[in-house]
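Structure first, then comments.
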Amino acid sequence: MRTPGRKVRCRTMHAPAIEAKNLTKQYGESLAVNGISFVIETGSITGLLGGNGAGKTTTIGMIMGLVSPTAGRALVFGADMAREPYRVLHRINFESPYVDLPHRLTVRQNLNVFALLYGVADRRDRIERLARELELREFIDRPAGKLSAGQKTRVALAKALVNDPDLLVLDEPTASLDPDTADWIRGHLERYRERKNATILLASHNMGEVERLCDRVLMMKRGSIVDDGSPQQLLTRYGRQNLEEVFLDVARDRREPMPAKEAAK
Amino acid sequence: MNASALAFSPRRVGAMMLRHWYLLRSSWPRLFELIYWPAVQMFMWGFLQLGVARYPGALAATVSTFLAAFLLWDILFRGQIGYSMSFLEEMWSRNMPNLMISPLRATEFVLALVIMSMVRLSIGLVPVTMLAIVFFGFNLWALGIALAAFFANLLFTSWSVGMFCSGLVLRHGLGAESLAWSLMFFFLPLTCVYYPVSTLPEWIQPLAWALPPTAVFEGMRALLIEHVFRADLMLWALALNLVWLAAGATSFLWLLGAAKRSGSLLQIGE
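Rendered as structure tokens:
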């Protein structure tokens, strides 16, 4: 006999990781996100690029259910995040330098609390594994507030990976990190995606990072998606050497993408 | 709200309590603060009682009811502060978005805050009531079953006010934090902590009776002065509290929804 629960599981297993359908957010007179639509397939790393105020954070907020859309829908694994977020929240996690962990709790205590919240089986083993993989052992019993920026980022990433999420949403994961630590974090994210076939949505201002990690880039400007393609496709389309130049072209309205035929040549 | 939003997990409630227990354990100033104010005020009222005990008649008896009134008021105030402080810790540490994108339900979050409010209150008030016995011979625990009724009714009110204040902070950010500290004082004159309801102008008395603590403080005076336990007043307070708790929970959920609509969960701070 088919149960409603089984039906829901089937829907969430075969649905795309993220589907935005005419997603719109208006704050008073200001249109932060203007009816964007896109689908992100499972196992991909997608970059969300755009200048300040382009609507990236609001889009991420709607995808995670922290912001209610004015119109349209954000579906994660088939669940409408404004109506039924709890169906899938255990499969998602998030990291941002603008969000913190309780400072007085040690790294281990913080990870233990979040492992409990996410219902992680074998919490101790999971925390040990994260400590090993993210090199937290040296400071795992130190208060989270007394860590360096690089250590804090690794701890925030450990928290974001504590439930082995199928969807990882990262808002500028390497902001304020030195190049060595940032490179190390990127390497870890690549390995995690390969091991888990996880989907990663990444908002970043670091074009090198996006070029290295992302299979696909969504370029946002004034609340709309103005371009969409792989980093290589975007470079070809704009006739540029790197994504930073593409970003500047889009941000400053300097150049329209070349016609498809010309770009193909 | 769908069924999955109402699914309840004691494990997640335990996780939140553990988080606050870790915090209290690691910070002696936080623990000290829980005892400090109740102790200071208890000594102030206690010495006042000793001072007026030299005078015969009603004055001495009145002041001894003041000490009981103060201790009960402190249950109401500390209950709400205990709730709000645990909530504010999440705001101050910028941890709220982490919790909001976790599987933690609003009901579980509220229940954890309620339990932590009782833990904080117990840490603060149990030693202070013991000191009141040692220094002034005033045994609040001797009120027995009446104390349980007073205690429960005052805590129910404190949680409903705590839920409302937390919702305001979610919606309006830490700029609304001062309400968490001051809103309860709005009730101080109206709930007739230190004087009978009949003292108030007649036109304001119906408003006072609509506040659950008013019945508790009237009940306390009936017990200490007339030696009568007014079960009718406790039932009235309980009935009002059910309405207040429902209103507190509804306002919290509504303000959480409003915070999502306004995007304020992404803008942590003032």
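Respectively, the protein sequence lines represent chains A and B.
Read left to right, the first sequence gives residues -9 to 255 (the working numbering).
Read left to right, the second sequence gives residues 249 to 518 (the working numbering).
Every residue, glycine too, gets a C-beta built ideally from N, C-alpha and C.
Model, not experiment: these values are computed from the prediction.
* To do: Check the Cβ of B:L237 against every Cβ in chain A and list those closer than 7 Å, keeping chain order.
  => Nothing can be reported for residue 237 of chain B, as the shown portion of chain B is limited to 249 through 518.
* Close Cβ partners of B:L298 (< 8 Å) along its chain, the five nearest in sequence each way excluded -> F384
* To do: Write down every uninterrupted run of the alpha helix (DSSP H) in the region 33 to 94 of chain A whose length is 4 residues or greater and which is fully enclosed by it, in chain order.
  => Qualifying alpha helix (DSSP H) stretches, in chain order: 46 to 54.
* Work out the CA separation of B:Y443 and B:A397 for me, nearest whole Å. => 20 Å
* Pairwise C-alpha distance: B:L416 and B:G496 -> Computed Cα separation, rounded: 11 Å.
* Asked: Short check: CB of A:N153 to CB of A:R81, under 9 Å?
  -> yes
* Contacts of A:Q16 in chain B (Cβ-Cβ under 7 Å) -> None at all; the shortest Cβ gap to chain B is about 10 Å.
* Specify, as a first and last residue, the run of the beta strand (DSSP E) that A:K211 falls within. => R206 to K211
* Give a yes or no on whether the C-beta atoms belonging to B:F434 and B:S312 are separated by under 9 Å. => no
* **Spatial distance of A:D70 from A:A64 (CA atoms)** => The straight-line gap from Cα to Cα measures roughly 6 Å.
* Asked: Between the C-alpha atoms of B:T439 and A:H93, what's the straight-line distance to the nearest angstrom?
  -> 39 Å
* Asked: Do you know offhand how far B:G327's Cα is from B:L403's?
  -> 6 Å
* DSSP three-state call for A:A193: helix, strand or coil? -> Reduced to three states, the DSSP call for A:A193 is strand.
* Beta-carbon contacts of A:K11 that lie in its chain and below 6 Å, excluding the five residues immediately before and after -> Leaving aside the five residues that flank A:K11 on each side, the residues in its chain whose CB is nearer than 6 Å to its CB run, in chain order, S27, G62 and R63.
* **Per-residue DSSP class, three states only, for B:T439** => coil
* For A:S20, which residues in chain B fall below 9 Å Cβ to Cβ? -> Those do not exist, as A:S20 stays about 10 Å from chain B at its closest Cβ, beyond 9 Å.
* Residues of chain A with a CB under 9 Å from the CB of B:A255: which are they? -> Those are Y76, listed as they occur along chain A.
* Taking any Cβ of chain B, which residues in the region 100 to 119 of chain A have a Cβ under 9 Å from it, in chain order? -> N100, N102, V103, F104, A105, L106, L107, Y108 and G109
* Over what stretch of residues does the alpha helix (DSSP H) that includes A:A241 continue unbroken? -> Residues L233 to A241.
* List the residues of chain A whose Cβ lies closer than 9 Å to the Cβ of B:R259, in chain order. => L106, L107 and G109
* Asked: Below 9 Å between beta carbons: does that hold for A:R144 and A:I175?
  -> Their beta carbons are under 9 Å apart, which means A:R144 touches A:I175 by this criterion.
* Should the region 313 to 327 of chain B be called in touch with the region 356 to 374 of chain B, which here means at least 3 C-beta pairs below 8 Å? -> Because the criterion of three Cβ pairs below 8 Å is met, the region 313 to 327 of chain B and the region 356 to 374 of chain B touch.
* Alpha carbon of A:V240 to alpha carbon of A:L106, nearest angstrom -> 44 Å
* Asked: So A:T48 and A:V29 are in contact, right, with Cβ under 8 Å, and what is the actual spacing, rounded?
  -> So it is not a contact: roughly 19 Å between Cβ atoms.
* Closer than 9 Å to chain E by CB, A:T143 -> You won't find chain E in this structure, because its protein chains are A and B.
* **Whether B:V362 touches B:W321 by CB criterion (9 Å)** => no
* Is it buried or exposed for B:I393, if we count other Cβ within 10 angstroms and need 16 for buried? -> exposed
* When we look at the beta-carbon of B:Y331 and count the other beta-carbons within 10 Å, is it buried (16 or more) or exposed? -> Buried is the call here.
* Asked: Checking contacts by CB at 9 Å: is B:L488 closer than that to chain A?
  -> no
* To do: Kindly say whether B:L315, judged by its beta-carbon, lies nearer than 9 Å to any beta-carbon of chain A.
  => At a cut-off of 9 Å between beta-carbon atoms, B:L315 makes no contact with chain A.
* **When B:E356, B:S334 and B:T498 are compared against B:S365, the one with the closest alpha-carbon** => B:S334
* Using DSSP bridges, identify the partner residues of A:T14. => A:A61
* Taking Cβ positions, are B:Q289 and B:F318 nearer each other than 9 Å? -> Result yes, Cβ atoms of B:Q289 and B:F318 sit closer than 9 Å.
* To do: Report yes if the C-beta distance between A:L38 and A:K46 is below 9 Å; otherwise report no.
  => yes
* Bridge-paired residues (DSSP) for A:E26 -> Inspection of the sequence shows that residue 26 of chain A is occupied by Ile rather than by Glu. In DSSP, A:I26 forms a bridge with A:L13.
* To the nearest angstrom, report how far apart B:P460 and B:L488 are at their CA atoms. => 6 Å
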